[in-house]
Amino acid sequence: GLLAKDDVVRIQDPNVWGRKAIVLQDAGPRSYDVKTEEGQVLRWNRRHLLKSKETFQEGQCEEAINADVPHVETLTDVHLDGHEKNTVDVSPEPALRRSQCTIKQPVRLSYA
Numbered sequence: 003g004l005l006a007k008d009d010v011v012r013i014q015d016p017n018v019w020g021r022k023a024i025v026l027q028d029a030g031p032r033s034y035d036v037k038t039e040e041g042q043v044l045r046w047n048r049r050h051l052l053k054s055k056e057t058f059q060e061g062q063c064e065e066a067i068n069a070d071v072p073h074v075e076t077l078t079d080v081h082l083d084g085h086e087k088n089t090v091d092v093s094p095e096p097a098l099r100r101s102q103c104t105i106k107q108p109v110r111l112s113y114a
């Protein structure tokens, strides 16, 4: 269907309906100018816009947008003496993964 001015939409980034935006205007056949919550004005094809019933809040922090990014969690431990202790578990940086294959030098032709 068609989108109208001030409709709230989700923008399809590779296979994910991630960013929220609001429709500013019709920008031609099947295209719309939209404004993201970060304030960017972009032009998108209609097939990459999904109409949403969510509310639009300009200037929203990126934590709500990047919901798949690991966050710091507070854990509660109960010790043997019955007292609770609050600790903060910080996610470590992901380790650089390297291939486990051994590199073998090429065998040269030997003419004896």
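Residue numbers (my numbering): 3 to 114.
Cβ atoms here follow ideal geometry from the backbone N, Cα and C, with glycine treated the same way.
Which residue from the options puts its Cα closest to that of residue i?
{"i": "residue 7", "options": "16, 13 and 37", "result": "37"}
{"i": "residue 58", "options": "50, 46 and 40", "result": "40"}
{"i": "residue 14", "options": "43, 50 and 24", "result": "50"}
{"i": "residue 25", "options": "19, 45 and 17", "result": "45"}
{"i": "residue 33", "options": "43, 104, 48 and 53", "result": "48"}
How is the beta strand (DSSP E) around residue i delimited, first residue to last?
{"i": "residue 48", "result": "Taken as a continuous stretch (DSSP letters only), residue 48 belongs to no beta strand (DSSP E), as it is neither H nor E."}
{"i": "residue 26", "result": "18-28"}
{"i": "residue 37", "result": "33-38"}
{"i": "residue 13", "result": "10-15"}
State the Cα-Cα distance for the pair residue i and residue j, rounded to the nearest angstrom.
{"i": "residue 21", "j": "residue 31", "result": "22 Å"}
{"i": "residue 27", "j": "residue 5", "result": "9 Å"}
{"i": "residue 102", "j": "residue 109", "result": "21 Å"}
{"i": "residue 18", "j": "residue 35", "result": "20 Å"}
{"i": "residue 107", "j": "residue 16", "result": "39 Å"}
{"i": "residue 43", "j": "residue 52", "result": "17 Å"}
{"i": "residue 23", "j": "residue 12", "result": "6 Å"}
{"i": "residue 29", "j": "residue 54", "result": "20 Å"}
{"i": "residue 3", "j": "residue 105", "result": "55 Å"}
So, under 8 Å CB-CB, residue i and residue j are touching, yes? Tell me the CB distance rounded to an integer number of Å.
{"i": "residue 10", "j": "residue 60", "result": "Not really, about 11 Å apart at Cβ, beyond 8 Å."}
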